[in-house]
Structure formats: C-alpha cells, structure tokens
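Residue numbers (this note's numbering): 125 to 561. We put the beta carbon where it would ideally sit given N, CA and C, even for glycine.
The following block contains the structure:
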C-alpha cells in the first residue's frame, strides 16, 4: 500500500451498503480504489504508547521518556505535556539540529569541536536540543557528544528526539500506557527502519499512519519550535525563547529547511558547519562568495552548479532548481553564520551559535542584554553587546532598567559589575537591589 504497510495489515473498512427495493442490503463494490492519503485513510485514537524507555545494547545504559502522538497534535498540548508531565523547565534557548539522515564520517577534529561546542552551548544557557531522534546520520554524531558528556559530568543535557513513529525499529515494544519498556538499540542492517538514539532524554514519535517513511514529524516539529519561541524566558524581561537552526552535512531537503527558517516571521538564524559535507559545504561556499541580495558572479555560479550536480547526482534541471533555493537563502545571508574550524578570528561553535542568535534577530541592545542575562553569559554580553563599555549608546530610564536589576540576583558577580558599568546614575540603586536579593 502507499502507506508502506502490507494490505493485509490494514483494518478492513466496512463495506458501504444501500437498501434494495425489497429492503435487502446490497453491498457496494468499489471499482477504482482511490489514492491513499493520511486525511482520508487514517483515523486518530487516544495514544496507546507512552512511558519510559530503558535502553539496552551498545554498552551504554540510559532512560528516556517517550510518547506516540498524532502528526497533527497541537503544539500547546505537546508543550503542556513536556512541562507538566515530563517536568521540564522551559528552555532559555532552543537549538534545532538538522543534517543528513544517512551515516557519514566527520573529520575527527571537527567532530570533537562540534560535539563540545554544542554541549557547552546547551549546558551554559539552559537550552533544549531538538534532533530527529534516531541513530543515523547527524543524530548519531549528536548522540556521541551527549554520551561523552554524560560519562564525564552529572549535568544532563535535555535532548529531545522528534521522529516518525513509522520509521522506529522495534516500535511494537513501546506499545503500552504509562509503562517502562526495555528497548534494544542493536539495529538490523537489512531493515529500512531505525533504532532510537540512546543518548536522548525524551522522544516525541509522530504517527501519520505510514511505515518506513519520513515526513510525519516535519510539520509537528516546526510548529512546536514556533510555539516554544513564543514563550517568555523571564516574565520580567519579556523575551521569547530564541531558536537557532544548526546544519551539519545534509541533503537537498536541508537547504529547503534553511530557507523556511530564514522566511519565518521573525526569522530563525542558522549556523552552518563548514567542512561537514554536502549541503553544509555548498551553503558555506555560496555564503562566502555571494554578494548582498544573493548575487554571485558567473564563473562561481557555474562552479556551484557543477558542485550541486556532483554532490547530489542531479541533472541540470534539478541543479538549477536547488541553486535557485540556495540563492533565495543568500538574500538573507546576514541571518546565516558559517562556522569554519581554524579560520582566522573564528571561535568555537558554541560562540557561533550564541552570536548568531544576537545578530540574527532584530532585538534592541537592551533585549540582547536581557538574553545574555538569562543565559548568565558575561562573555557574550561583553564581546557582542556592551562593546562600548561604560559609553553604551542606549540610554535607559530607571523604569526600563528595572527588569535587568531584578534579574541580576541570579547572575554572577562579573555580570553584575558589567551591567553596573552601563547603569550610570543607577549604580547605587543596583547595589541596594543586590543587597536585597
């Protein structure tokens, strides 16, 4: 069947009947079966699969919360579950990782820098990490970073895998309400399904009735990200949760995801990891050589088209179509940050993520300072926001400065001192508030 399952595995539909003249029922036989669609040929039921996973296999043990949900579940319901039932604190940052689903090798040094930077960004800011949840491609590299971190530290990163129910290996083991299930992570090389990554802390498994196909999770994940971005980090400061896309390797669909992020209102900044391969390297090349407005000279244009053809085994028409999408991305290249390991002036990927969020938003300097306060990152505030030191050009009234004052009691002394530099006449007021808290 088009859904990916064998026809005999379906729940048979009831035959339609019409009464005859003498009152007997006549079964209607459908001569031409209609094309399968999620809307017409699936039916939603209350979930029958949620609880705790106990991972076994691979020499690493871990527990994770999970739930199977309909692909069209409302994001507010999901967030309510995450906060109220899973007891998660709202994040101060959401890092959404995208990349290749097929396994790929990463340069050892780049993998190390990527993993450490991602974990540091999450740990120091109180972030959530979103991934595709299964042990393939870029997700396995994220999983390796999470595993390495958990073996050395008690602090746990909140890593949430959002995957299609239909591609999960051994999903039959997950059926049950409020249960604890042992889950084997040994994958079958002949199967088209994938095992869940055992380094994640939570899983949302989106079901649209298909088997062995991706897609059920795409809209649900994006809507959840959008809904989270509308939540306030701090009721006093008023900023929503910032979201950043992190791109590692990837196929043509990743380029489309980048364009969707850049076209959001407000746009979502994107960090591209150069040197990781395929889509990431092509986007990095375009970013380096494109001028403002997505303009590139003819020789580089031809070079880029040839690279697209070779990378994705595309014909000329397909290459031109993907090239057009890349150029649309480059029209907003100021929202794209390329991380190049070892390049002059390039810091680690953690700083690339955090600075991309600041430069990629239209937030005012006070709002950016509010983010740095929420993350308790004096280094970000000093290097990216308060570059004028005590001569900060933004003048705030005492009422505008109040939210920062009320937030400072949770910050380190160096952050307090830094904000005091720009407070001008409010220094005494800050000192009083510090003593109070």
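Quick check on residue 279: buried or exposed, where buried means 16 or more other Cβ atoms within 10 Å of its Cβ? exposed
Just to confirm, are residue 327 and residue 284 a CB contact at a threshold of 9 Å? yes
Around the C-beta of residue 386, are 16 or more other C-beta atoms found within 10 angstroms, so that it is buried, or is it exposed? buried
Top-ranked residue by Cα proximity to residue 325, from 454, 499, 190 and 505: 190
Within 10 angstroms of the Cβ of residue 448, are there 16 or more other Cβ atoms? Answer buried if so, exposed if not. exposed
I need the straight-line Cα distance from residue 322 to residue 363, nearest angstrom please. 33 Å
Does the beta-carbon of residue 187 have 16 or more other beta-carbons within 10 angstroms, so that it is buried, or is it exposed? exposed
Are the CB atoms of residue 465 and residue 399 nearer to each other than 9 Å? yes
Can you tell me where the beta strand (DSSP E) with residue 326 in it begins and where it stops? 326-331
CA-CA distance, residue 316 and residue 373? 21 Å
At what residues does the alpha helix (DSSP H) containing residue 384 begin and finish? 376-387
Could you give the C-beta distance for residue 225 and residue 261, rounded to a whole number, given that I count them as a contact under 8 Å? 5 Å
Compare the Cα-Cα distances from residue 273 to each of 368, 302 and 240 and report the closest residue. 240
Rounding to the nearest angstrom, what Cα-Cα distance links residue 312 and residue 433 in this structure? 32 Å
Looking at the secondary structure, which residues open and close the alpha helix (DSSP H) in which residue 199 lies? 199-204
Counting only runs that start and end within the segment 211-238, where is the beta strand (DSSP E) found for 3 or more residues in a row? 217-223
Going by C-alpha distance, which of 378, 216 and 250 is nearest residue 256? 378
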